[in-house]
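Below, the structure is given as structure tokens:
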């Protein structure tokens, strides 16, 4: 039995997921495409799935009988309406981040899914599927005692001019926000931001680097350095300190060389290479659950919690050094 | 278009490849199965591919119109006849190692494929598809100057009683024999074996460890330690020394822990875990080529060369310290 | 010419420095000893320096013509008076930490030394002489651009019952406080303390772990984890993030082993082993300067700044999350 | 009590040992110097030990009442006569390598020392005092089971034109020859040399790299790569494979940097930096034993065994691939 997928949004990530479904993964095919730019949808159709149908709107695509499940890869501001439509249609839906552009929007999705009564939505937090984080979680859960602290870093060699201070939260830290909730099986209660002097390579509208301190309900303190003009590479670091010991996220596989008086490994410079393998795994998880009419992995609730936490972190950026409390309603039983 | 695969031999590896084709990889399905034990074939059919047909013999399977390409996963002694039959039928054929149980048998396959005029056979040397070796080859080809030496090790924690000295070549070193030819783009000219004292954990019919020294046509010297009672883990090491520098095969991804006064990573103990990801990649390569009616990756010639080299290494084992020359006919143009 | 040293305080560290002077280092001898417990002084005399004279008081020792330079290794509360006496006598003086038990006391020493007009005092901050920190400083000064952040940790496997929360500053962080000023060539302007939940292994009067955030005059932010019940080992970590790259303090030399399915190095568990080699180097530096009638290395000013910073950190502990400003008078020219 | 040392030969190493004795080590002074070039001796006297006496000949120096113990740092061809004279005078003698330029010469020293009846000679094999090798030996002796194989490398970035093939044994491998006997507590029984193609950077009179295979009396096989035009650095590698696991010589302390898309450590390029700390330790050992009228550490017998083994390795170079047996008389009881 082959799962029939409709892809809304055929930009970079939509095209890449379409390729993945058509050429890499078993038991699935793209039967429908739509994009605000119809030519884009038709180009993907021509290149990757000639048998798919191109729809004028995402809503039409969701409604079509030829679609079992939906991938929302369109512009962020449109995510909420498509996800709500998919829930209304009772169709499993994979939504790229953000689930919605506001916490309120994400909450409306949670409410709709709860009203539906079973999970239909997976959010595209791919790090949970990365082989390194999966191995780290296994060790954190079983070998180092209860976590007490996390030391993390999210570094990018450079960012464009339009990347302003809050984007360090919404576009960058958002991955840590989700993955640490999952890694620690915990929720956040407060955020604080500390700014060192801004680095010389930054620009007027960006304070970079910054250190975000999150505290969890269980009392774990997480310090994450965000440094998006670090120059040397794209580098994701995470070390969990537990009652009995410490575990660290592994470095990506690299060849150790002895060359030019230097013992050396390459460090990646492009974020797209860092978690590239995890996209296959997250979609495999989606396909498996969607074939059974449901969803697994990062949920609407996770998307909502990420939105609430991001908002608190941005508030903390605006009031450097202040402790910003993070509050949210009780977790619906659907997400336990 | 979906490639229809017939699987001959439904033991451990045949079953696993069937699962891979049915559940993991795109554009392919298992349409036919056979096994000397028909119950085994029917069990795999029931579990993994209910629409597939079970054939009484591999020859019938190969001949069937429902089969575009063949996977030979049966007992080693039967490989030659099935591969020859697939070539005779003009169907792409993936053959698990060994290609044949003798160099002469492998040579007959080479001759048949050359007579056919285009490649149809891929041999299951999966290491060429391992992410570590692929990265190593890229560095060896471009960054460390021409290779001069290789230091390698193939270690296994323990082996059963029936594992005798020549199996260290046929079952163990065989992987290094193929992967170093590919890594160095070179051929072997001689072999020598040195035996240290046999370790206490070995048994009467096995001299373990041993060091096999291979020299190549370009003058590179490769020392490979084979130690199959090393106790501590399954460990594959490879370091290439070039004119300008040195490159090493990476360790498998592992979590670094600080625990119990020890900075530590796990080492694998089961060989099946070491190259598990490369099976998906080698079959993907086979599927892509077979869909186009041909074969890529490790060829019949590579299988033949591995057989010739293995024979020389066993001779070298029998005459410790002696230099055994390795000779073979000119490489047919088909394999350039 | 041999430098004649008087050692005040013959407990563990005083005895060890006496051994070092008598048996390891060139150009120096212990000619005088004193201790509040005369039997202790006589025992060290008998064991290590039979030709030395035992004095009833530190003041007598300092005044003696047989003493060119003084080592103050007595109980911390007595340091100030002995150092002041040595300055009054115009004799070079090496003082184990703390220089004084209060910032005011340390300031009195600074004032006395400034009044004297040249340096006479070296404080026993031995980390500045550790081969790892020295190598790190060289890289920080020349290769990674201006520092922006430091991520550090000071971990101890366990502490006794009498170790209470402020001791995490006075006895533990004190080393980081001094060594980071030197490493960064910078001064502190504020401190903040964050407490994760206290670990299960701690006791009622100790909040452990804690994270101390120091900000410097140049805008560098330093996060140091202090965790003195970490169980797994004595572990000092320090990573400096600069404009161009990152440099890390090396791990102590250790043998990498492959054993029991584990790739592993030993981690030290006893703090006394971690910087043991640096004691020889710091005393060599003292001897060289003292032979010329002066002092080098960590100064009275450094001891005073450490005291001021420690006081601020303890205040920050008492008011978790609050930003505590650190202020101090202008640096006297003597210390530039 | 101060040990009075006479230094014969005031070239680079003689001057450096004099500096070490005068300025670094306790309980010792240089009281006498001699050199075939008297101006050299006088220059060292002026710079480092104005109270020392300059002797016209090494023999006069040895005979002087002002000399308790002798350091032989002169040209290799003169070592034998000075060591024999020191033994005749009953004075402890530290001799830089080689102990003698022939195995016969070394044997004459052994015989003289045995006739004397107690140890007087220490040979300057400093690696036995290197912190890395000492730590490795401790692990090899206690944690990895009985050794079975050693994989080693001795690499130099480049060598001058006058460095010809046999010097790879006499000047380079000589260190491994001694240190592995000590590390394994074993003796050699055979040598074999394998030459890969010579690297492009070598010259007409040097076959480089080469692999020397030594087998020991206990059956351990040691493969050492010698590569003196490796370009990338001065690099000493040693991995011991035992019955239970593997232990490796640590890399020298280095700062790990993240810089320019590269995770990197410096590799040394100058051999003089690699074991620099071990010279202090070996002389400390000599001073301690000599003060007691005897010698410790590497013995005349070790120097003789190194000479015998070197000769066998050079013979093995001249007959590539041949197994050259290594024989020697029974070890005198003095050296047990």
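Residue numbers (UniProt numbering), protein chains in the order written: chain A, 1 to 336; chain B, 1 to 336; chain C, 1 to 336; chain D, 1 to 336.
Note that the Cβ used here is the ideal one computed from N, Cα and C, for glycine as well.
Taking the Cβ atoms as the reference, residue 194 of chain C lies roughly 7 angstroms from residue 321 of chain C, within the contact range of under 8 angstroms. Residues of chain C whose Cβ lies closer than 9 angstroms to the Cβ of residue 273 of chain B do not exist, since the nearest Cβ in that chain is about 12 angstroms away. The C-alpha of residue 213 of chain A is placed about 32 angstroms away from the C-alpha of residue 98 of chain C.
The beta-carbon of residue 291 of chain D is placed no less than 8 angstroms from the nearest beta-carbon of chain C. C-alpha of residue 334 of chain A to C-alpha of residue 41 of chain B: approximately 42 angstroms in a straight line.
DSSP, read as helix, strand or coil, puts residue 235 of chain D in strand. Setting aside the 5 residues that flank it on each side, residue 325 of chain A is surrounded in the same chain by 189, 190 and 312, each with a C-beta closer than 8 angstroms to its C-beta; the list follows chain order. What residue 128 of chain C touches in chain B, judged by beta-carbon distance under 8 angstroms, is nothing: the nearest beta carbon there is about 25 angstroms away. Between residue 153 of chain B and residue 57 of chain B, the gap from beta carbon to beta carbon reaches 8 angstroms or more. In this model, residue 297 of chain B and residue 287 of chain B are separated by some 11 angstroms (Cα to Cα).
Chain-ordered listing is empty here: chain D has no CB closer than 7 angstroms to the CB of residue 282 of chain C, the nearest sitting near 15 angstroms. Residues of chain D with a Cβ closer than 8 angstroms to the Cβ of residue 10 of chain A do not exist; the shortest Cβ-Cβ separation is about 32 angstroms. The beta carbon of residue 116 of chain C sits closer than 8 angstroms to the beta carbons of 87 and 90 from its chain, once the five residues preceding and following it are set aside; these are given in chain order.
Annotation for residue 257 of chain C: 263, 264 and 265 place their beta carbon closer than 8 angstroms to its own, counting only its chain and skipping 5 residues before and after. When C-beta distances to chain D are compared with 8 angstroms, the residues of the region 214 to 235 of chain B below that value are 215, 218, 219, 220, 221, 223, 225, 227, 230, 231 and 232, in chain order. Taking one beta carbon from each stretch, the region 273 to 284 of chain A and the region 119 to 137 of chain A have 3 or more pairs nearer than 8 angstroms; the two touch. A check of alpha carbon separations from residue 35 of chain B across B:23, B:27, B:62 and B:24 identifies B:62 as the nearest. In this structure residue 126 of chain C is buried. Its beta-carbon is surrounded by 16 or more other beta-carbon atoms within 10 angstroms. With a threshold of 8 angstroms between beta carbons, residue 248 of chain A makes contact with chain B. In summary, no residue of the region 178 to 205 of chain C has a CB separated from any CB of chain B by less than 9 angstroms.
When the beta-carbon positions are compared, residue 251 of chain C and residue 144 of chain C stay at least 8 angstroms from each other.
Straight-line measurement puts the Cα of residue 151 of chain A at about 44 angstroms from the Cα of residue 284 of chain D.
About 6 angstroms separates the Cβ atoms of residue 302 of chain A and residue 178 of chain A, confirming a contact at the 8 angstroms cut-off. Under DSSP, no beta-bridge partner is assigned to residue 110 of chain D. Within the same chain, Cβ atoms closer than 7 angstroms to the Cβ of residue 128 of chain A are found at 179, 182, 297 and 298, the five residues on either side in sequence being excluded.
Residue 172 of chain B sits buried, since 16 or more C-beta atoms from the chains shown fall within 10 Å of its C-beta. When the alpha-carbon of residue 93 of chain C is set against those of C:122, C:101 and C:80, the nearest one is in C:122.
Beta-bridge analysis with DSSP links residue 101 of chain D to no other residue.
In this structure, residue 30 of chain A lies away from residue 46 of chain A, with their beta-carbon atoms at least 8 angstroms apart. Pairing residue 77 of chain D with residue 55 of chain D gives a Cβ-Cβ distance that is not under 8 angstroms. Listed by position along chain C, the residues whose Cβ is nearer than 9 angstroms to that of residue 323 of chain A are 321.
In the structure shown, residue 203 of chain A falls within a coil segment according to DSSP collapsed to helix, strand and coil. Going by DSSP, residue 225 of chain C is part of the beta strand (DSSP E) stretching over 221 to 227. Distance from the CA atom of residue 82 of chain C to the CA atom of residue 105 of chain C, rounded to whole angstroms, is 12 angstroms. In this structure, DSSP gives residue 125 of chain B a state outside helix and strand, which the three-state scheme calls coil.
At a cut-off of 4 residues, the continuous stretches assigned as alpha helix (DSSP H) that sit fully inside the region 128 to 187 of chain C are 131 to 142 and 174 to 184.
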